[in-house]
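**Student:** Last residue of the sequence shown? That's 380 in our numbering, and every number before it is there in order. If you scroll down you'll find the structure; I have some questions about it.
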Amino acid sequence: MKHYKARLRMFRTAIIIAIFALTGAIPIPAAHAEDLSDWKLPPVPVPADNPQSKAKIKLGHQLVFEPRLSKNSSMSCAGCHMPFAGGGGHTARAFGHAGELGRWTPTWVNSAYSTSLFWDGRAASLEQQTGELPGHMGPISAAGEMGGNPAAGAKLLNSIPAYKKEFNKVFGKDATPKNIAKAIAAYERTLLAIDSPFQRYVNGNDKALSSAAKRGFKLFKGKALCIECHSAPLLTDNSFHNIGVPQVGPLKKDVGRYAVTHDKDDMGAFKTPSLYNSSSLLFFMHDGAFSTMRQVINHYNHGGNPKNVHQDDLIQPLKLTRKERSDLISFLKSLTDKRLNHIHRPLLP
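The following block contains the structure:
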């Protein structure tokens with residue numbers, strides 16, 4: 032009898048709680064929030080032979096704005112990677128000593144996470160990408176780009192007392208092409224969109240994104256299929272795809288990744304860029320074929336170019352409505368870390 036009465040009291044209590052919950056007197060616990068941890072930007076990978084330091088980063092900041100590393104002291108890295116333009120090119124194709132080049136200058140934002148560099152992935156590290164290392168042609172040493180001579184550039188920097196002092200403070204010796212590359216790479220590893228609204232959102236600030244941006248994020252992961260290549264957490268799969276981009280500019284044909292691998296499956300494939308700070312870019316795609324985000328989204332929405340026999344099978348018509356495309360743009364705008372758009376030229380020795 033005693034156990035029966037106890038069970039009856041428990042039953043009556045459960046009934047009362049249910050009634051109060053249904054009438055709103057007792058709040059029903061909300062469903063667990065979506066786990067967004069996979070979207071948090073991870074720590075930056077740093078090579079063991081090039082550890083970060085404040086002095087090295089400061090030196091690298093100077094060097095990316097240093098025109099004396101180029102032929103005739105006429106251009107710098109930042110002359111193509113324009114901070115106000117999202118760290119990308121301010122013209123549809125880059126310009127160097129050979130005039131207009133065939134490709135648009137990609138953003139340097141979040142390049143620290145790249146497993147390969149250049150649109151065709153021919154460099155395996157930021158150090159290699161500079162063009163200062165022997166056997167690796169990049170913007171500084173490429174004749175058609177900055178046209179610099181690495182050995183001569185190092186000699187010139189060592190003739191400037193302030194630079195000579197800085198290099199010895201950071202590396203324990205005078206400037207060399209190798210430690211010039213290391214300093215530039217160290218600086219580039221700080222160009223991270225960690226304070227973008229989206230990163231604040233995935234780190235717990237639910238108000239960091241607008242309702243439209245949240246809808247756009249849902250589309251990004253679902254109907255729009257963006258996540259297939261722009262995957263978490265970096266918004267790139269660090270791979271290469273042919274997405275049917277129209278070939279424009281001085282090149283009649285650009286084989287892309289195929290030039291590196293000679294694999295027919297890589298014909299016309301280009302590196303998947305990260306989307307951070309993409310709303311600040313003035314141009315898009317490897318050849319600057321598009322100048323607005325809406326053009327980019329419309330390209331995907333139409334299924335790219337079905338006549339391109341090398342186009343990736345992932346590219347299919349999306350059937351996004353006008354409102355859905357606008358919501359997707361709202362999400363892409365939330366990836367902008369405005370700090371990176373206001374990098375200034377430091378005082379040079």
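No residue lacks a Cβ here, since even glycine has one placed at the ideal position from N, Cα and C. In this text the structure is predicted, and so the values were computed from the model without any measurement.
1. Going by the beta-carbon positions, is the gap between His341 and Met298 smaller than 8 Å?
2. Name the two residues that bound the continuous alpha helix (DSSP H) containing Gln230.
3. Suppose the cutoff is 7 Å on Cβ atoms and the five residues either side in sequence are ignored; what does the same chain contact list for Gly179 look like?
4. Which residue comes first and which comes last in the alpha helix (DSSP H) that contains Pro192?
5. Find out if the Cβ-Cβ distance for the pair Pro313, His121 is shorter than 8 Å.
6. Pull up the distance between the alpha-carbon of Gly127 and that of Pro281, whole angstroms please.
7. Could you tell me the alpha carbon to alpha carbon distance between Ala290 and Asp151, rounded to whole angstroms?
8. Report the rounded CA-to-CA distance for Gly130 versus Gly235, giving the unit in angstroms.
9. Taking contact to mean 3 or more Cβ pairs, one atom from each stretch, closer than 8 Å, check whether the segment 71-85 and the segment 346-366 are in contact.
10. Is the Cβ-Cβ distance between Asn308 and Leu371 less than 8 Å?
11. Considering only residues of the same chain and omitting the five flanking positions on each side of Pro192, which have a CB-CB separation below 8 Å?
12. Between Leu366, Ala79, Leu67, Pro377, which has its C-alpha nearest Leu223's C-alpha?
13. By Cβ distance, which residues of its chain are closer than 6 Å to Pro108, with the 5 residues on each side in sequence left out?
14. In the segment 100-144, which residue ranges form an unbroken alpha helix (DSSP H) of at least 4 residues, counting only runs that do not cross its ends?
15. Identify whether Ala173 lies in helix, strand or coil by the three-state DSSP scheme.
16. Can you tell which of His272, Gln159, Lys369 has the C-alpha that lies nearest to the C-alpha of Asp226?
17. Spatial neighbours of Met106 within its chain, please: CB distance less than 7 Å, with the 5 preceding and 5 following residues excluded, ordered by chain position.
18. Evaluate Pro137 with the Cβ neighbour count: other Cβ atoms within 10 Å of its Cβ, from every protein chain shown; 16 or more gives buried, anything less gives exposed.
19. Within 10 angstroms of its Cβ, does Pro60 collect 16 or more other Cβ (buried), or is it exposed?
20. Just how far apart, CA to CA, sit Tyr218 and Arg124?
21. Flag this pair as yes or no: are the beta carbons of Asn269 and Thr303 separated by less than 8 Å?
22. For Gly287, which beta-bridge partners are listed by DSSP?
23. Here's the rule I'm using: 16 or more other beta-carbon atoms within 10 Å means buried, otherwise exposed. How should Phe315 be labelled?
24. I'd like the list of long-range same chain contacts for Asp69, defined as Cβ closer than 7 Å, with 5 residues on each side in sequence excluded.
25. Please look up how many angstroms separate the CB atoms of Val286 and Asp318, rounded, as I've assumed it's under 8 Å.
26. Taking Pro114 as the reference, give the member of Ser311, Ile88, Asp296, Trp135 with the closest Cα.
27. Could you check what DSSP says for His373 in three-state terms: helix, strand or coil?
28. Identify which residue in Leu157, Pro78, Leu306 has its Cα closest to the Cα of Ile258.
29. When you compare only the Cα positions, how much space is there between Phe202 and His92?
30. Which one or two residues does DSSP pair with Ala154 in a beta bridge?
31. Following the continuous alpha helix (DSSP H) through Lys238, name the residue where it begins and the one where it ends.
32. Since His330 is in the alpha helix (DSSP H), which residue starts that stretch and which ends it?
33. Alpha carbon to alpha carbon, how far is Thr323 from Ile346?
34. Is Phe271 helix, strand or coil when you go by DSSP?
35. Classify Arg220 as buried or exposed, calling it buried when 16 or more other Cβ atoms lie within 10 Å of its own Cβ.
36. Drop a sphere of 10 angstroms on the beta-carbon of Ala79, count the other beta-carbons inside from all chains shown, and report buried for 16 or more, exposed for fewer.
**Tutor:** Answer, in terms of the structure:
1. yes
2. 228-233
3. Leu100, Ser101, Lys102, Ile171, Ser172
4. 192-202
5. Residue 313 is actually Leu in this sequence, not Pro. Result yes, Cβ atoms of Leu313 and His121 sit closer than 8 Å.
6. 13 Å
7. 8 Å
8. 47 Å
9. no
10. yes
11. Pro380
12. Leu366
13. With the sequence shown as reference, residue 108 is identified as Cys, and Pro is not the correct amino acid for it. For Cys108, where only same-chain residues beyond five positions count, the Cβ hits under 6 Å are Val95.
14. none
15. coil
16. Lys369
17. Pro98, Met177
18. buried
19. Caution is warranted here: a pLDDT of 41 is assigned to Pro60, below 50, making its placement in the model unreliable, and no coordinate value can be reported.
20. 24 Å
21. yes
22. Ala300
23. buried
24. Ala263, Pro264
25. Actually they do not touch by this definition, with Cβ atoms about 12 Å apart.
26. Ser311
27. helix
28. Leu306
29. 16 Å
30. Leu148
31. Per DSSP, Lys238 belongs to no alpha helix (DSSP H) and is neither H nor E.
32. 324-332
33. 19 Å
34. strand
35. buried
36. exposed
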